[in-house]
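See structure below.
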Amino acid sequence: MSVNIFGKTNVGSSQRVISGGVTLSQAINTFLRRDGKNAADANINMSSNKIINVLDPSDDQDAATKNYVDTHAVSKTGDTLTGTLDMNGCAITNLLNPSTAQGAATKSYVDKQDSAQIITLNSYVDTHAVSKSGDTMTGDLNMGGRMVKGLPVHYPPTTYLGSEASSWSQVTQLVNAEVQNAIKITKELITKELITNTPKKSYSGYVPILEENISRTGFVATASAVTTASATTPGNFQAYGAFNSLNAEGSYGSWATPAKKGWLQIKCPEAVTIWRVALKARAIDGKNITEWNFSGSNDGKTFEPLLTSTTKLLGSANAPLFFDISTTTAYQYYRLAIQASTGAGDLGVQVMQLYVLST
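Here the sequence shown stands for residues 1 to 359, where the numbers follow UniProt numbering.
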């Protein structure tokens with residue numbers, strides 16, 4: 001490197017020698033290094049010159065390139081956003097009124113549209129909605145399961161035209177009146193029906209005093225067996241004797257059987273429904289009926305059980321016992337079957353009486 005007489009280097013030379021020399025420390029503290037290992041101490045005036053070939057910034061304080069700004073900033077000359085713009089509570093002012101469907105609307109534009117819409121809506125409501133002051137429907141109104149409330153009560157009926165909707169209280173009054181009237185009529189009919197058709201319990205014996213087994217009254221008395229009187233005792237203990245308890249012969253006014261079991265039967269002139277039977281054993285002390293049943297039949301062959309009992313029918317009893325029968329079926333034949341007894345045979349029945357249900 002050449003140096004002139006004043007100690008300066010050639011202008012075209014890459015280095016300059018200063019009188020007295022320059023140390024590395026002085027150079028670093030005075031000049032910016034090309035390798036970027038020191039920093040500027042003040043602003044650098046580019047004097048209208050560019051800094052070119054700069055990388056896009058990566059840190060917040062890096063210089064921004066034109067490319068970076070064009071890519072990330074909104075251009076004043078017009079631009080298209082690729083994401084949402086958050087105004088953070090700030091206003092957008094000086095907008096034009098919109099000319100396209102997606103243009104931003106100004107307050108002035110919206111106010112004018114609201115007025116126009118209000119006028120249109122008022123006209124639409126007047127045409128399509130039901131007026132509170134009174135109106136006429138032109139089609140069906142589906143309440144969708146909801147109630148109509150606040151209806152007037154058209155009472156007395158002189159103010160009710162028949163085509164008006166009735167309030168719940170009105171309907172309740174009318175329905176209650178009809179229901180009460182129906183109940184009254186029904187009670188009257190039921191009472192009359194019950195009086196007319198309800199079976200009545202007769203407390204008078206149905207079977208009259210019989211004079212023979214086959215009676216002129218239409219009744220027929222039969223039994224499983226009959227005890228024959230002895231040679232010294234006239235008559236015998238026929239079945240009809242159980243239906244002739246007023247016989248002056250006392251104990252002979254009975255049916256008796258030589259066995260310890262047996263049955264006594266009465267055939268009625270017609271089928272009857274009974275509700276009670278009266279029974280009394282033959283009036284001989286010690287000859288008691290201990291187990292028995294009572295049944296009914298309409299052919300004299302097949303009998304339906306009506307009562308089974310172990311109530312003792314005592315020979316020493318002074319009056320018959322009464323037993324209620326639960327049946328609604330009318331039978332023509334009624335039979336008492338003795339299943340067990342005490343005594344040495346010749347037991348029997350002094351009273352067998354039926355009590356019927358009559359209409």
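Note that the Cβ used here is the ideal one computed from N, Cα and C, for glycine as well.
Quick caveat: nothing in here was measured; it's all calculated off a predicted structure.
Hey, residue i and residue j are a contact pair by Cβ (cut 8 Å); roughly how many whole angstroms apart?
i: E306; j: S295; result: The sequence shown places Leu at residue 306, not Glu. Contact holds; Cβ gap of about 6 Å.
i: V272; j: A182; result: Not a contact, Cβ separation roughly 37 Å.
i: A281; j: K287; result: 7 Å
i: E291; j: Q339; result: 4 Å
i: Y355; j: I289; result: Not a contact, Cβ separation roughly 20 Å.
i: P208; j: T217; result: 5 Å
i: S202; j: S326; result: Incorrect: roughly 16 Å between the Cβ atoms, too far for contact.
i: Y109; j: N97; result: 5 Å
i: S224; j: T257; result: 6 Å
i: Y333; j: G300; result: 5 Å
i: F323; j: R276; result: 7 Å
i: I28; j: N43; result: Incorrect: roughly 20 Å between the Cβ atoms, too far for contact.
i: G348; j: S254; result: 5 Å
How far does the beta strand (DSSP E) with residue i in it reach, from first residue to last?
i: K280; result: 274–281
i: D324; result: 321–324
i: S295; result: 289–297
i: V349; result: 347–358
i: P305; result: 304–309
i: P228; result: Rather than Pro, the amino acid found at residue 228 in this sequence is Thr. Premise fails: T228 is in no beta strand (DSSP E) and is neither H nor E.
i: T257; result: 255–257
i: K338; result: According to the sequence displayed, residue 338 carries Ile and not Lys. It spans 331–341 - the beta strand (DSSP E) in which I338 sits, taken as one unbroken run.
i: V207; result: No beta strand (DSSP E) holds V207; DSSP gives it neither H nor E.
i: V148; result: Here V148 belongs to no beta strand (DSSP E), and DSSP marks it neither H nor E.
i: A39; result: Segment: none, A39 is in no beta strand (DSSP E) and carries neither H nor E.
i: A221; result: 220–223
What are the boundary residues of the alpha helix (DSSP H) that includes residue i?
i: S25; result: 24–30
i: V69; result: 66–72
In whole angstroms, what separates the C-alpha of residue i from that of residue j?
i: K184; j: T198; result: 20 Å
i: T227; j: L210; result: 19 Å
i: L174; j: D140; result: 26 Å
i: G78; j: I52; result: 26 Å
i: S120; j: A101; result: For the record, residue 120 in the displayed sequence is Thr; it is not Ser. Taking the straight line joining both Cα atoms gives about 20 Å.
i: K66; j: K76; result: 15 Å
i: N213; j: T310; result: 28 Å
i: M46; j: I92; result: 37 Å
i: N244; j: M352; result: 9 Å
i: T342; j: A242; result: 19 Å
i: T136; j: Q117; result: 26 Å
i: P57; j: V69; result: 10 Å
i: residue 361; j: A177; result: Look at the range of the chain in this structure, 1 to 359, and you will see that residue 361 is not part of it.
i: T172; j: T138; result: 29 Å
i: S134; j: W168; result: Residue 134 is actually Gly in this sequence, not Ser. Going by the C-alpha atoms only, they are around 21 Å apart.
i: N236; j: A283; result: 15 Å
i: S13; j: D60; result: Its pLDDT being 49, under 50, S13 is placed unreliably in this model, and the value from its coordinates should be taken loosely. Roughly 39 Å between the two C-alpha positions.
i: D346; j: N293; result: 19 Å
i: T127; j: A105; result: 30 Å
i: P320; j: K312; result: 11 Å
i: G83; j: K107; result: 25 Å
i: Y124; j: V130; result: 11 Å
i: E188; j: K200; result: 19 Å
i: G250; j: G262; result: Per-residue confidence for G250 stands at a pLDDT of 48, beneath the threshold of 50, marking its modelled position as unreliable; no derived number is given.
i: D132; j: N122; result: The question names Asp, yet the displayed sequence has Lys at residue 132. Spanning the two alpha carbons is a distance of roughly 14 Å.
i: K260; j: T186; result: 57 Å
i: G36; j: H72; result: 28 Å
i: V54; j: V74; result: 21 Å
i: T30; j: V22; result: 11 Å
i: L85; j: D62; result: 24 Å
i: A239; j: V179; result: 59 Å
i: C337; j: F303; result: Rather than Cys, the amino acid found at residue 337 in this sequence is Ala. So the two alpha carbons sit approximately 11 Å from each other.
i: A248; j: T328; result: With a pLDDT of 48 at A248, under the threshold of 50, the modelled position of this residue cannot be trusted; read the value that follows with caution. Going by the C-alpha atoms only, they are around 37 Å apart.
i: M87; j: G103; result: 17 Å
Do we get a CB-CB distance below 7 Å when we pair residue i with the residues of chain C?
i: W275; result: No chain C is present in this structure, which holds just one protein chain.
Can you find at least 3 beta carbon pairs, one from the region 258–272 and one from the region 308–319, that sit closer than 8 Å? no
Beta strand (DSSP E) runs contained entirely in the region 81–127, provided each spans 3 or more residues: none
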